[in-house]
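J.: So the protein lines, in turn, are chains A and B. If you count the first sequence from 1, position 205 lands on 301 in the working numbering, and the numbers rise without skipping. If you count the second sequence from 1, position 182 lands on 208 in the working numbering, and the numbers rise without skipping. Handing you this structure, nothing more for now.
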Amino acid sequence: MKRIYKILFTFLLPAVVACNPSLPGESVAVDKVPAIYPEYADVTVPCNIAPLVFGIKEEGKSFVTKLSGGGKEFVVGGKEVSLPIAEWRELLDAGKGGCVSVEVYAKGDGGWLRFAPFEIKVSADSIDPYISYRLIPPSYVAYEDLRICQRNLSTFEESVIYCNRLVPAEPEGQCINCHAYKNYKTDNMQFHMRQHMGGTIFIHDGEVKKLNLKTDSTISAGVYPSFNPKYDIVAYSVNNTGQVFHTKNSNKVEVQDKASDVIVYNPAKETVAHVANSPDDLEVFPCWSADGRTIYYGSAHMERLDTSINWEGELVMRYKDIKYDILSREWNPETGEFGAVDTLFKATALGKSATFPRVSPCGRYMLFALAEYGCFHIWHKDADLYALDLRTKEYWPLERANSPFAESYHAWSSDGKWILFASRRDDTNYSRLYIARMNADGTAEKAFLLPQESAEFYDFFDRSYNVPEFMIEPVKFTPQEFAEVAKGESVNVKYSSNIK
Amino acid sequence: MGKTTNKRKEPAKGLGDAFSAFIPKAAKWLPAVFFAGLWCVLSTYEQALLFRINELSSFVFDDLYFKNMMQLPAGMLHYVSGFLVQFFYYPALGAAIYVLLLYAVYRLVIKAFALKGSRRLLALLPVAALLASNTQLGYWIFYLKVPGYYYMALLATLLFLLAMLLYKRLNEPLRMLFVALWCFAGFPLMGAYALAHALLFACYSLATAVAEKRRPVAAAATLALAVAAIVAAPQLYYNFYTTYAVEYIYGAGLPVLHWGSAFVKNVVHESFSYWHWIYLYWVPFVVLMLSLAGFCVASLFRGRLCKCEKSEAAITCSVALFVPLFLWAFWYNDANFRIENKQNKAMWENRWNDVAEYSRGTSNPTRQVVINKNIATLKTGRAGTEMFTYPDGSSDILAPMAVHLTQTGGKMLYYQYGKFNFCYRWCVEDAVEYGWRYEYLKHAARCMLLSGEYRLAQRYVDILKRTIFYRSWAEELEKYINDPSLIGKTNEFAMPLQLACYPDELAVDDSFVEAYLLKNFKYLPENPTPQYVEAALISTLIRKDVKSFMFVFDRYLNICKPARLPKHYQEGLLLFLQLDKGKTVTVGPAFIDKFVSKSVQRRLESFVANTKKYPGMKEEEMAQYFDDFKDTYFYFYFFVRKIKTN
């Protein structure tokens, strides 16, 4: 037996040691930060984020990377820098409130090169443990396999909340979209199913049901939702949406509303009522204030100018004229009445279009996406995220978080210290999720790409992420349970002139 | 038995006996001929089809790709099959692998079921069924959502036969365990095939127990267990697979989602053939299952069948007749489909003369064949002199579903006509339904390169670089991404770029590629290139649009400055001037003489004179008397009617 141990010791120990990378004894310093992907240099991360796995995009025969911070140091070998979760956690705990320094060594023909180190700032603040998003190919009209997934931000664990393939594809497919939660919890949440077995899957105080939010008085079922954080009502836009395609422009597609209004839904009474339905206005993307007493939404004023063509044709011809302002209306929860319409942000005065208002949990800031025209900014390369101070009405772009490509679908974390948004900066066509630290003054730090287990994950992942939302707990129903609800009958809501 | 042995030793007498003696001997070499012949047919006659099958598949060496595959029941079959399909890139190599695996099925059937003498030929039945499941497809190749379809049933059959060799060696209690394991462990890997195998194993047990006059209790218990496992395994896995409807779980791995799908609805076939009969596509699978089931229960009949020469001959003749007839019936053989695939391969290889020439292989072409020919003649500068000398029309597509150009050759057309966004759009749309096939990846990379979206082009290039056979293609394209100045110096990109001189607009094609292109070329941009103007002129001829022709013709003269007007444009000009009768433009004889040759003028006079010979006759009937004019635009204008584009 001793002999066996001796043999094992003789042969295996050197092998184990050889597998453990060590820093080169001698190296030549290079005055340049190494190119890496995803780009994690100088980003600020929450102290509970999953390991930032990245690939080194420099030439070299072999690579060694030192990650250090707060007295801890780990050395990783290879072109892909990936620290096990336990070691990463140790590193972040040690570096909390400070930073992790990353030093890359590359071995070339002339020996080892040492690139200038870069830092990953580690915030003392943690981030909500879960996010959810829809995974969808960046397609135009077709859909086949759509999933709403939830992801644990401290690990790489992802699970399916619901997939449309859980119900039969015949006689027509099923589209799913627009998941939303009340106050980051999953006891009150919803998402939509369209076409086959269509309806809104609505969880109200832990009980799940399927709703038909279409009434004779509204132009469609509910679309873009917003749970009132304080009261038991949900705002939706109702939209009649179409798509047309650019023959040359790299934006490729325009998603246009032919008609749209804003409604509110009262889950206790199963009724809906209009908030905004002006015939010459396209109203969309409702959002509640933090106190639940004001509703914000985007609105574009479009009157018919050319009656020689149909309305859809005119919208196509004048697509660059469709510009949205952000309006607001106060709501009285005691009477259920909405106040007068007020213009919060007049983007049209700047020749721009602002959509997707989202108010911070503290109620002070609003984020929105701003581009030259239209409402569906994820397809607009010029779309950027802007912050607006609801007290002063001042606004500014999130310069460090934005990119030259589309940014949209932003969400606030439950403590308002982080934002999550979709950006197409990586390859211009696939929406990826970025997280940025929001400072108390409403500015953002450099955003970082949602980390994955492999640095090459996004190179081959053929889905876009959309409608990302933070959650403080996972969804409690299984996908199969949602599928069973989908196969059941819908509750038909009624129209009421007052939501109270 | 002794009697039979004696009979065998008797010398053959007469023709019938000689035949009876010959046939069993033929059984020895017939399979060799069959497999060798099959390889020859596949690697030559069907080489364009095999190449296209590869182009419409996808296999990438990537963990994510593997994980995605394994998320589906039958995931392992999907994965390995996808790997094998890519070898059709070299049709001879792919066909060799395919035929070798079919041969393995043949040998394993013989071994697993101990077939002897002429009965060995029966092993060709599952082989023929497997082959027919692929050869029957036709236009389904564009609509199958299973990238490894071509090998899935074959691999599942191989696994079954290998497992059967083991199964036969087990005692009944172990067989019970084996069946349960096969169901529960096999379902994620093989889907419905594992369930079918379990049933076959159990049937084999029962049949052998009965044949060997053993008490069939244990075998019956195996069967009962198999049935229970078949019912339970998919239900169990349904809770783990979050992307599979319980309604489909028992058919996992089968093409059931596609045959009998919505495609079949609302398609009216004007010419009916059995290729339009949707349920026939199941026949090869049924034959496969029945033949394997037959082998499993054959022991029940063992010893009861005569082993005389006549029975051997009967089996040999039956199989020798059935297999070719069955394959003939289930071998999709449509000239247009074959030509389309040959044209597609030639287009990727920039063999444009061949693209045009292939279209002469049919007298009644589909629109795809015609449009491919049109772009080939435009690309080679022969449109004005040749494009109406080829067969024209819009033959119905021989398929049970609505076949759209967008899924077949539309992407290539959009690319060649400089509509990069639309080509890219259909790549993305179809990738949603059928996955990122090699063909889509190549189109997407090329279109985004020519659109100047280099990051996006790089994405698709990076994926192609992870493949075996498209790596070099991708690396070649990557050179242009790294140095875009090379793009303008490359012939291959010249015409698409020249035709992309239009301004951006919002549009929809409603899945009708040709109709959209014809409509789109109706309008000339501000500063069109000569190629664009010529394409526009051709579109007016195809649309038979007199007014637009006159307008575009004027631009054609000014921009293209032809030394001599090509024949078809002369024909169009002369015909339209006569039809227009001065409504749009008024020209004198000098104008006509300047642009239209005397021979063309005489040709039209002769054409008109010919029409007067058949007063009152409908155009469709009259066409047969105008064969001499089939190479003219006049013929196209009057006799190529009711063009239906898809």
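Glycine is no exception: its CB is placed at the ideal position from the N, C-alpha and C atoms.
#1: Measuring only the C-alpha atoms, how far is C209/B from L187/B?
#2: Helix, strand or coil for R497/B per DSSP?
#3: Apart from the five residues on each side of it in sequence, which residues of its chain come closer than 6 Å, Cβ to Cβ, to P493/A?
#4: Pull up the distance between the alpha-carbon of V455/A and that of T390/A, whole angstroms please.
#5: Does the pairing of the segment 521-531 of chain B with the segment 552-572 of chain B give three or more beta-carbon distances under 8 Å?
#6: Would you kindly work out how many angstroms separate the C-alpha atoms of I397/B and K405/B, rounded to a whole number?
#7: What does E560/B touch in chain A if you count any residue whose Cβ is under 9 Å from its own?
#8: How do the segment 166-183 of chain A and the segment 549-556 of chain A stand: do at least 3 beta-carbon pairs fall below 8 Å, yes or no?
#9: Which same chain residues end up closer than 7 Å to N379/B when comparing Cβ atoms and leaving out the 5 residues on each side of it in sequence?
#10: Below 7 Å on C-beta distance, what does C471/A contact in chain B?
#11: Give me the chain B residues within the contact set of C259/A, using Cβ-Cβ distance strictly less than 8 Å, ordered along the chain.
#12: Under 8 Å between C-beta atoms, does V429/B make it to chain A?
#13: Determine the extent of the alpha helix (DSSP H) in which Q596/B is found, giving its start and end residues.
#14: Does L262/A come within less than 8 Å of chain B when only Cβ atoms are used?
#15: Flag this pair as touching only if the segment 301-313 of chain A and the segment 497-506 of chain B have three or more C-beta atom pairs under 8 Å; answer yes or no.
#16: With 8 Å set as the bound, which would you pick, yes or no: does the beta-carbon of N672/B sit closer than that to a beta-carbon of chain A?
#17: Express the C-alpha separation of G514/B and N4/B in angstroms, rounding to a whole number.
#18: Between the segment 427-451 of chain B and chain A, which residues of the former have a C-beta closer than 8 Å to a C-beta of the latter?
#19: Any chance the segment 255-264 of chain B sits against the segment 145-154 of chain B, with 3 or more Cβ pairs inside 8 Å?
#20: So for H397/A, helix, strand or coil by DSSP?
#21: With the cut-off set at 8 Å, would you say L431/B and Q484/B are in Cβ contact?
#22: Give me, in chain order, the residues of the same chain whose beta-carbon lies closer than 7 Å to that of C322/B; leave out the 5 immediate sequence neighbours on both sides.
#23: Assuming contact is defined by CB atoms lying nearer than 8 Å, are K162/A and E199/A in contact in what I supplied?
#24: Of all the residues that make up the segment 99-124 of chain B, which are near chain A by a beta-carbon distance shorter than 9 Å?
#25: What ranges does the alpha helix (DSSP H) occupy inside the segment 181-233 of chain A, keeping only unbroken runs of at least 4 residues that lie completely in it?
#26: Considering only the beta carbon of each residue, do L185/B and M216/B sit closer than 8 Å?
#27: Looking at the strands, I want to know which residues DSSP matches up with V455/A.
#28: Pick helix, strand or coil for S11/B, following the three-state DSSP scheme.
#29: Nearest chain A C-beta to Y466/B closer than 8 Å, yes or no?
#30: Which runs of the alpha helix (DSSP H) spanning at least 4 residues fall entirely within the segment 46-101 of chain B, listed in chain order?
#31: Hey, could you find the ends of the alpha helix (DSSP H) R201/B is sitting in?
#32: Apart from the five residues just before and just after W407/A, which ones in its own chain have a Cβ nearer than 8 Å to its Cβ?
#33: Distance check for T415/B and H594/B, CA to CA, integer angstroms please.
#34: Could you check if D301/A is buried or exposed, using at least 16 other CB atoms within 10 Å of its CB as the buried criterion?
#35: Under 8 Å between C-beta atoms, does A551/A make it to chain B?
#36: Compare the beta carbon distance of F323/A and A276/A with 8 Å and say whether it is the shorter of the two.
T.: Judging by the given coordinates:
#1: 15 Å
#2: helix
#3: D480 and Y482
#4: 11 Å
#5: yes
#6: 12 Å
#7: In chain order: nothing, as chain A lies at least about 20 Å away.
#8: yes
#9: T406
#10: Per Cβ cutoff of 7 Å: no residues; C471/A is ~15 Å from chain B at best.
#11: T268 and T269
#12: no
#13: K593 to D606
#14: yes
#15: no
#16: no
#17: An answer regarding residue 4/B cannot be provided, because it is not within the stretch 27 to 672 covered by chain B.
#18: K445, F446, N447, F448, Y450 and R451
#19: no
#20: strand
#21: no
#22: L226, C229, Y230 and A233
#23: yes
#24: none
#25: 181-191
#26: yes
#27: M462/A
#28: With chain B covering only 27 through 672, there is no way to say anything about residue 11/B.
#29: no
#30: 73-81 and 89-96
#31: E198 to M216
#32: K354 and R400
#33: 9 Å
#34: exposed
#35: no
#36: yes
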